[in-house]
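This report concerns only the one structure given below.
Residue numbers (this note's numbering): 99 to 1300.
Here's what the structure looks like:
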């Protein structure tokens, strides 16, 4: 029997379905797992990058202490070690630095300056490292801007050194202090507080603090040289050239070279001992260019004989000569170069947006100039020049080489140092590339060229022997954590399905759709996520506002009222004018149906893009105005908002099956120019839509063979899936979305959810719409549905399974049927299809594809899904540390902790008076920035330690209507700072308070806050290099709890009633790690409580960790129907958190939070109650006494085992 596995693969979930040859649904499920990258507040971060950042900070600190120890060793015999017991102020230190350039200072004072240089030696750029990461490049740009600003201020004050400049700022603060205009003589004047009008704002002043201030290392080195030269005249015997070199170059300003990435470079597929060639190397650049030209296919829609044809030798030669000197070439320019007709199309969907050129050669040619470039190339020195640029680690060394050996001018040297070579490595070594290039230049394809070079080439998928199971990925094989994680889960899932049903690989089709996020790079995924978060935040604010002040009842963020309100605001109306808004809602009948028209109308400036005429609001909903596809749907299969526009019906009929560009081009050159100007002006904020309007090249008509997805994730998954199947297909999101619409199964999941929440089988009531009771239920269902908004309901993981099922039915034949249907519809100028899938045409009866399975079967399958979820619970990881010593290499086996033991912030312990009592109790405090996130309203003031500051902030909030988002916003804090004033002098708050002497008061920027989790703190005293404790009042909060054990004793009283005596034991990650490292069990098998009773572990649920699954029962475990997936679905929950707390100031309770297996954890709100089968409770929190559950395991296929 033939089987079809369909997969909806995402960044952290996989929906799957298994169908047989009769379209019988055998399996339907969802597998969720943590994303390969970490996500915090909409920002995606690599988990390894986060660890690398902490490790880098530890190394930098270690290297600083190493330099300090070395400097101490150098200065001690010279008598330059300062008396550290003698404390000096920052003012005296900078005065000392200023005087060191002008007059003699003592050797001990000079030593103190050198120790300061060693600690703050300035920023030095590594252009090679920065070029790898756009974020680092952006960060360095900001740093360079700060450095330039500081240099300009130094020049304005005629300061030779940085020390002199900061000393002048101290003098300025002293001067202002005497005039009563400054609050603290120990804090220097900070010119960063000046605005464009040179007006000073204290809230922007950060004194001498290095937060947001970067010093260039060359400035510190210049100051070092000036001080050394001046003091050498007084101490010639001590400040010698040898000591200068040792102290400056070998100690304070020593910069180690970057580590070579040699050991991380992969080996060639054919020359196993050779490393892969860098992408920027000239052989690889030429290889990629030639391979790309050989892969180009062109199609002439008007010439049937020219379909998917390769370029001839002359055409390839012309493009090769052009691309050798360019970084890229658009397909439009390529067509002009080859003098091809406008109706000729390229296979752009496989090649990308543009043709890639020889980027390295083009960059070198640009900076060297044509004459010098040709001279170097003819001498065969071009690759040597690339090698020097590629291998350099120090910019000074590179400049010296280019000046001395190559004798380049300073301008050329500056340009070369700015070149950013392409990062990464190819698949072949330089040795293999040198063998392939001669053949590729002749027009031989890569596969044949490899054979001619004597290499064994892997067989085609059609001839390759299939494996019984897919081989596992090697660790870090794909070099992309997100793709690797998803691919690994797909492999394991498919292997389990093959094993369970004994599937013959020769009788297997696998159909996959990968989500748009998984196809995109990290920056694009983060951009999408940020946009979604911004939209969600805005809609929540609107919902809260309308719920509080409007007359609409409870308004959900995704309800239609919010859509109307957003449109209302876009029309330029006032948010507060709710009376007119209510009238607008009444006037906008049919709004939900035509909401898209409103959106398009506003987006395109209320004008038709083809006639440039204004579309009146009164005509907007009339048949005279139509929504049409910029690129025809039959040619793009794109029904997204970005491919739609609004135009007059007559213009739409004239446009027919043409693209917007083709339609306007046929009207003449003048009309086309006016059209381009209009589109660029109107859609300036929508570059993607602007591109659709002006797109000359359109991918070929949608054909079944285009189900082959060429994205990176698709290629990786396909290569693995082809190990067990010869028929691996990739569907598009557009095709599956269209099938969902045609088959009207989008609301199936919501109907199931409604039934689970209310017990009402909603779908049955739709069959009889005449019944008044049913009408009420239908209305109730629609109101319940409104909380999710339009489109797919993503709060329930089961929507992935529904998508996977549609993907399983998305065969090439069905896709072809849809494409043909829309082509015919557009040719006949028919707007849409009716409810039965028939065209509004008597001349043609063309039916759309029918759903191959009954909806009732899908509905029942959805109810029975048990969502699997993978959570990593490992505590320790075995590792090997490798080190080099004089005796050779050493290897040490260690167990490293997985994850952080403590949270990052340090706390201090203080004695705080207990409310309404005379005694004091210990609390833990830390300083936090005063932001809207910290203080949202007056309720949050309880966490402020200082009573005076608490009252000042209370008065501040009262001025802003108890809204922290306004009172402490960045803009408002800059305009109206919070001053530390006396409540006795200013009991009712003053706009510009001052001290009794009339001096300016300090600004409150940070406040001390109290942590309530007293039980979770551990003392971590600070120690010096010798291990001596220098700060004992330092505490850290435990990161999270690892496991909770449950103890239960069942006893029977005289009446025969069973009594449960419960207790628990909670272990934090810190305690669990200590026990594991010492070989102790995490918890005992028995626990003796305060009454002396011995409680054994609960046999049904002995312990829980975050991520464990449980099946709840109300009275006894016997009520669980283990063979009924629908019953298990109602009872299956996953532990999401462990905690403990004191109740009634006496009793200690253990608490576990649970989430229902199928519910998304996003914005979860936990209810503190016991489990009840009669209530729909997606999120629960219960104490150890309330817990009545059986701990289970859920396999990747959703199978439950005890």
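Even for Gly, the Cβ is constructed at its ideal location relative to N, Cα and C. Please read all numbers here as calculations on a predicted model, not as lab measurements.
Quick one: grab the DSSP three-state call for residue i.
i	result
residue 568	coil
residue 427	strand
residue 343	helix
residue 1280	strand
residue 553	coil
residue 112	strand
residue 761	helix
residue 707	coil
residue 993	strand
residue 698	helix
residue 57	Since the first and last residues shown for the chain are 99 and 1300, residue 57 lies out of range.
residue 421	helix
residue 1292	strand
residue 1078	coil
residue 362	helix
residue 727	strand
residue 1250	strand
What are the boundary residues of the beta strand (DSSP E) that includes residue i?
i	result
residue 192	Note, residue 192: premise wrong, no beta strand (DSSP E); alpha helix (DSSP H) at 188-198.
residue 101	101-107
residue 1125	Where residue 1125 is concerned, there is no enclosing beta strand (DSSP E), given that its DSSP letter is neither H nor E.
residue 1194	1192-1194
Just the C-alpha distance for residue i and residue j, rounded to the nearest angstrom, thanks.
i	j	result
residue 1070	residue 1101	13 Å
residue 1237	residue 1051	32 Å
residue 476	residue 469	11 Å
residue 982	residue 346	28 Å
residue 824	residue 565	11 Å
residue 1064	residue 1030	8 Å
residue 1182	residue 1258	35 Å
residue 1180	residue 974	13 Å
residue 151	residue 435	49 Å
residue 292	residue 251	12 Å
residue 1080	residue 260	37 Å
residue 1125	residue 1003	22 Å
residue 758	residue 786	14 Å
Answer yes or no: do residue i and residue j have a C-beta to C-beta separation smaller than 8 Å?
i	j	result
residue 853	residue 569	no
residue 708	residue 526	no
residue 408	residue 395	yes
residue 989	residue 978	yes
residue 107	residue 588	yes
residue 245	residue 314	yes
residue 387	residue 454	yes
residue 1296	residue 113	no
Say the cut is 7 Å; is the CB of residue i nearer than that to a heavy atom of the ligand SAM?
i	result
residue 787	The ligand SAM is not part of the structure shown, which contains no ligands of any sort.
Looking at the unbroken alpha helix (DSSP H) that takes in residue i, where does it start and where does it end?
i	result
residue 1167	1167-1175
residue 395	Note, residue 395: premise wrong, no alpha helix (DSSP H); beta strand (DSSP E) at 395-398.
residue 213	205-217
residue 1205	That residue, residue 1205, is in no alpha helix (DSSP H); it is neither H nor E in DSSP.
residue 1323	Given a span of 99 to 1300 for the chain in the structure shown, any question on residue 1323 remains unanswerable.
### Query
Counting pairs of beta carbons, one from the stretch 713-727 and one from the stretch 740-756, are three or more of them closer than 8 Å?
The stretch 713-727 vs the stretch 740-756: in contact.
### Task
Decide yes or no for the touch test of the stretch 774-789 against the stretch 541-552: beta carbon pairs closer than 8 Å, at least 3 of them.
Flag = no, the stretch 774-789 and the stretch 541-552 do not touch.
### Message
Any contact between the stretch 832-844 and the stretch 947-957? By contact I mean 3 or more CB pairs, one from each, below 8 Å.
### Response
The stretch 832-844 vs the stretch 947-957: in contact.
### Message
For the stretch 336-356 against the stretch 380-387, do three or more pairs of beta-carbon atoms, one drawn from each stretch, fall closer than 8 Å, so that the two count as touching?
### Response
Because the criterion of three Cβ pairs below 8 Å is not met, the stretch 336-356 and the stretch 380-387 do not touch.
### Message
Under 8 Å, with one C-beta from each stretch per pair, do the stretch 1150-1161 and the stretch 1123-1138 reach the 3-pair mark?
### Response
These segments do not touch.
### Query
Counting pairs of Cβ atoms below 8 Å between the stretch 956-969 and the stretch 1217-1236, do you hit three or more?
Taking 8 Å as the limit for Cβ pairs, the verdict is that the stretch 1217-1236 does touch the stretch 956-969.
#### Entry: Touch test, the stretch 494-507 against the stretch 334-344, Cβ-Cβ under 8 Å, three pairs minimum
Between the stretch 494-507 and the stretch 334-344 there are fewer than three C-beta pairs closer than 8 Å, too few to call the two in contact.
### Query
Contact between the stretch 318-325 and the stretch 193-208: three or more CB pairs below 8 Å?
Contact between the stretch 318-325 and the stretch 193-208 is present, because at least three Cβ pairs lie under 8 Å.
### Message
With three or more C-beta pairs closer than 8 Å as the rule, is the stretch 825-836 touching the stretch 908-916?
### Response
The stretch 908-916, when compared against the stretch 825-836, does touch it at the 8 Å Cβ threshold.
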